[in-house]
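J.: Take a look at this one; I'll ask things after.
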Amino acid sequence: MAQDASSNGSTQRRVFIGLLPDILVSAVLPVVAYSILTGWGWSSAAALSASAIFPAAATLVSIARTRSIDGLALISLIFIVLGLLGTLVSGDPRFLLVKESVLTGAFGLAFAVSLLLPRPLAFFFGRQFATAGDPARVATWNSYWAYPQFRRVQYTITVVWAAVLLLDAAVRVALSYALPVATMVWLSQVVLYAGLIATMTWMFSYITRSRARAAAAGVETLGAARG
1 MAQDASSNGS TQRRVFIGLL PDILVSAVLP VVAYSILTGW GWSSAAALSA
51 SAIFPAAATL VSIARTRSID GLALISLIFI VLGLLGTLVS GDPRFLLVKE
101 SVLTGAFGLA FAVSLLLPRP LAFFFGRQFA TAGDPARVAT WNSYWAYPQF
151 RRVQYTITVV WAAVLLLDAA VRVALSYALP VATMVWLSQV VLYAGLIATM
201 TWMFSYITRS RARAAAAGVE TLGAARG
């Protein structure tokens, strides 16, 4: 059990550390660029459009480096382009502000819809983290589905992520039209990443508690990510 807790803690640290480059590229650099450009007299729409170059470039670099088009990266790029087009056509910078909210809302909806499918999305994301694609570990992970405790954990995680992502989208879209653009440029990122970090912290804690209960009941380790 101590080894499982250590493994789960290692995975949690790795996930949080992995967030840092995304926070830098998608949040910090665009906010800094927006502040500099508006200070030079650029309009909010122009400054937001220019600052979108950082997440767009990061996505393109990732595609070029891996020589494959990741579904999430492609969706992110599409939303960036749509936000830019909406801003250019309408002149309203809020199109760029809400693009991430629409994206998180879409993922929240996907989590919610997956509850109606044979296996929810948390099962597949968890499998990717836990197995790194290793066939033997994938087979072991798939076998856990036979345990009611494991299924309950996957459904619970899926429900929570669906609720958090949908709430994030609703709150940030509403705030984007209620607050000044200059405020939402940074506040939107704070709300997003605070929600993500809080939910991931809960998720790892919930997995650890669930595994401890399963072990106490004499059930095989249920679905923790291996370090």
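Position 122 (the sequence shown) corresponds to 122 in the numbering used here; numbering is contiguous. Glycine is no exception: its CB is placed at the ideal position from the N, C-alpha and C atoms. Remember, predicted model here, so these are calculated numbers, not experimental data.
Quick one: Cα of F123 to Cα of A146, how far?
T.: As a working mapping, residue 123 is identified with position 123 in the sequence shown. As a working mapping, residue 146 is identified with position 146 in the sequence shown. The alpha-carbon atoms of F123 and A146 are separated by roughly 13 angstroms.
J.: Taking 7 angstroms as the cut-off, does the CB of R152 come closer than this to any heavy atom belonging to the ligand COA?
T.: Ligands are entirely absent from the displayed structure, and the ligand COA is therefore not among its contents.
J.: Going by C-alpha distance, which of D134, S44 and V164 is nearest F95?
T.: The residue labelled residue 95 in the question sits at position 95 within the sequence shown. Cα-wise, what sits closest to F95 is S44.
J.: Straight-line CA distance for A64 to A216?
T.: Taking the first residue of the sequence shown as position 1, residue 64 is located at position 64. Taking the first residue of the sequence shown as position 1, residue 216 is located at position 216. Those two C-alpha atoms are separated by around 47 angstroms.
J.: Excluding the 5 residues preceding and the 5 following A47 in the sequence, name in chain order all residues of the same chain whose CB lies nearer than 6 angstroms to its CB.
T.: To locate residue 47, count along the sequence shown from 1; it is residue 47. Same-chain partners within the cutoff: Y34, L37 and T38.
J.: Just the C-alpha distance for V102 and G41, rounded to the nearest angstrom, thanks.
T.: If you number the sequence shown from 1, residue 102 lands on position 102. If you number the sequence shown from 1, residue 41 lands on position 41. Spanning the two alpha carbons is a distance of roughly 29 angstroms.
J.: With DSSP as the reference, label P120 as helix, strand or coil.
T.: By 1-based counting over the sequence shown, the position of residue 120 is 120. Coil, per DSSP.
J.: What does the Cβ neighbour count give for V113, buried or exposed, with the cut at 16 atoms within 10 Å?
T.: In the sequence shown, residue 113 corresponds to position 113, counting from 1. By the neighbour-count rule (16 or more Cβ atoms within 10 Å), V113 is not buried but exposed.
J.: Of the choices T183, V98 and Y193, whose alpha-carbon is the least far from that of L20?
T.: Residue numbering aside, residue 20 sits at position 20 when the sequence shown is read from its first letter. Measuring from the Cα of L20, the nearest candidate turns out to be Y193.
J.: Which same chain residues end up closer than 8 angstroms to L179 when comparing Cβ atoms and leaving out the 5 residues on each side of it in sequence?
T.: Position 179 of the sequence shown, counting from 1, holds the residue named residue 179. Within the same chain, L179 has close Cβ partners L187.
J.: Count the other CB atoms, across all protein chains shown, that sit within 10 Å of the CB of G83; report buried if there are 16 or more and exposed otherwise.
T.: Locating residue 83 in the sequence shown gives position 83, where the first residue counts as 1. Under this definition G83 is a buried residue.
J.: Inspect the CB distances between the stretch 198 to 218 and the stretch 105 to 120 and report whether three or more fall short of 8 angstroms.
T.: Output reads no: the stretch 105 to 120 does not touch the stretch 198 to 218.
J.: Go ahead and label L97 buried or exposed: buried means 16 or more other beta carbons lie within 10 angstroms of its beta carbon, across all protein chains shown.
T.: Locating residue 97 in the sequence shown gives position 97, where the first residue counts as 1. Burial call: buried.
J.: What does the alpha-carbon distance come out to for the pair V25 and A106?
T.: Here residue 25 corresponds to residue number 25 of the sequence shown, with the count starting at 1. Here residue 106 corresponds to residue number 106 of the sequence shown, with the count starting at 1. Approximately 22 angstroms, taken between the alpha carbons.
J.: Work out the CA separation of A174 and V160 for me, nearest whole Å.
T.: The residue given as residue 160 occupies position 160 in the sequence shown. The residue given as residue 174 occupies position 174 in the sequence shown. Going by the C-alpha atoms only, they are around 21 angstroms apart.
J.: Look at A162 and G195 and say whether their C-beta atoms are less than 8 angstroms apart.
T.: For the purposes of this step, residue 162 is identified with residue 162 of the sequence shown, where counting begins at 1. For the purposes of this step, residue 195 is identified with residue 195 of the sequence shown, where counting begins at 1. Result no, Cβ atoms of A162 and G195 do not sit closer than 8 angstroms.
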